[in-house]
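Residue numbers (full-length UniProt numbering): 1 to 263.
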C-alpha cells in the first residue's frame with residue numbers, strides 16, 4: 001500500500017522526500033481559478049520518479065451544474081487538467097462530484113456527468129483515470145451520500161470511472177465509516193484512492209474541515225480499519241505541513257503493519 005500526502009506543487013518530489021512519502025498529490029493550477037494548467041518544466045523528472053503522482057482538479061470545476069456558464073468551462077478545464085496530469089505521469093486525476101443548485105433536478109446533474117464523459121470521448125477519451133471524489137456537504141450534491149453515488153454510477157455506466165474515497169467527507173457527509181468500504185464497492189466496484197483525513201466537524205455536519213489522523217471526531221482505529229479494508233493507495237490531506245503529514249504517514253504505516261479489524 002503506497003502512502004503519501006497532498007503537497008505544494010512547486011517541487012513535489014522534494015516534498016515527498018521530506019515526508020518519507022511514496023506518493024504525492026498536487027494541483028497543476030490555482031485550485032480556486034479557471035486558468036488552464038501550463039506545461040511543467042520538470043515533467044520528465046516527474047514521469048521518471050519512483051513516487052506515485054496524483055493530480056487534484058481545481059475546486060471550481062462543477063460539471064453537474066445546470067448553469068451553462070459554469071458547466072461548459074468545467075468540462076473544458078477538466079479535460080485540460082487530464083491532459084496535463086497525463087503529461088507528468090500521474091496515475092489519476094481527482095475531481096469532486098459536484099452539485100446542482102437548490103430547486104434544480106439532481107437527475108439532470110447526473111446526466112451532465114454522463115455528457116462530460118461523452119464530451120471527452122469525442123476527443124479520444126480521458127488520457128488517464130478520472131477519480132470522482134465523495135464530498136462532505138450540500139443537499140444537492142452528486143456524490144455526498146451513497147444513494148446519490150449509486151445514481152451517478154448508473155448514469156456513467158458506459159464509461160470507465162474511478163472513485164476516490166475521502167474519509168473526512170464521508171463522516172461529515174453522514175455516512176457511517178463502519179462497513180463503508182463494502183457499501184461503496186457494491187456501487188462502484190472499486191476504490192482507486194483513499195484520502196485519509198480525520199474530521200474537525202461532527203458526523204453529518206456537512207463541514208469539510210480536515211484534521212490529523214489521531215485528532216478530530218473520528219476514532220483513529222476506525223480510520224485505519226477503513227483504509228486497510230479499501231486496500232488502495234493513500235493520500236493524507238491533513239494539516240501541520242511537512243511535520244504533521246509525515247507524522248500521519250508514519251502513524252498509518254505503523255498501524256497498518258500492526259493489523260486492524262475490517263471495516
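Cβ coordinates follow ideal geometry from the N, Cα and C atoms, glycine included.
C-alpha of residue 159 to C-alpha of residue 116: approximately 11 Å in a straight line. For residue 59, the secondary structure class from DSSP, reduced to helix, strand or coil, is coil. Counting the other Cβ atoms within 10 Å of the Cβ of residue 10 gives fewer than 16, which makes it exposed. A check of alpha carbon separations from residue 154 across 108, 180, 92 and 237 identifies 108 as the nearest.
Within the model, the alpha-carbon separation for residue 13 versus residue 22 is close to 10 Å.
By the Cβ test, the segment 236-247 is not in contact with the segment 174-184, since fewer than three Cβ pairs between them sit closer than 8 Å. Boundaries of the beta strand (DSSP E) harbouring residue 163: 162-166, taken from the DSSP string. Per DSSP, residue 196 lies in no alpha helix (DSSP H); the unbroken beta strand (DSSP E) holding it starts and ends at 193-196.
A check of alpha carbon separations from residue 137 across 111, 149, 174 and 72 identifies 174 as the nearest. Around the C-beta of residue 72, fewer than 16 other C-beta atoms lie within 10 Å, and the residue is accordingly described as exposed. Residue 88 has its alpha-carbon roughly 36 Å from the corresponding atom of residue 139.
Residue 124 counts as exposed, since fewer than 16 other C-beta atoms from the protein chains shown sit within 10 angstroms of its C-beta.
In the three-state scheme derived from DSSP, where H, G and I count as helix and E and B as strand, residue 132 is classed as strand. Here residue 35 is exposed, its C-beta having fewer than 16 other C-beta atoms within 10 Å. Counting along the chain, the unbroken alpha helix (DSSP H) around residue 81 starts and ends at 68-87. Sequence-distant Cβ neighbours of residue 86 in its own chain, meaning closer than 7 Å and more than five residues away, are 127 and 128. As for any alpha helix (DSSP H) of minimum length 4 sitting wholly inside the segment 93-131, the runs are 106-121, ordered along the chain. If you check the CB distance, residue 198 and residue 164 do not come in under 8 Å.
When the beta-carbon positions are compared, residue 97 and residue 132 come within less than 8 Å of each other.
Look at residue 53 here: in three-state DSSP terms it is strand. Put simply, the backbone Cα of residue 38 is about 16 Å away from that of residue 45.
Judged by DSSP secondary structure, residue 251 falls within the alpha helix (DSSP H) whose first and last residues are 241-258.
Within the same chain, Cβ atoms closer than 8 Å to the Cβ of residue 212 are found at 198, 238, 239, 240, 244, 247 and 248, the five residues on either side in sequence being excluded. With a 10 Å radius around the Cβ and a threshold of 16 neighbouring Cβ atoms, residue 91 comes out buried. As computed with DSSP, residue 26 is found in a beta bridge with 55.
When only Cα atoms are considered, residue 30 and residue 81 end up about 12 Å apart. For residue 154, DSSP assigns no beta-bridge partner whatsoever.
Counting along the chain, the unbroken beta strand (DSSP E) around residue 236 starts and ends at 234-236.
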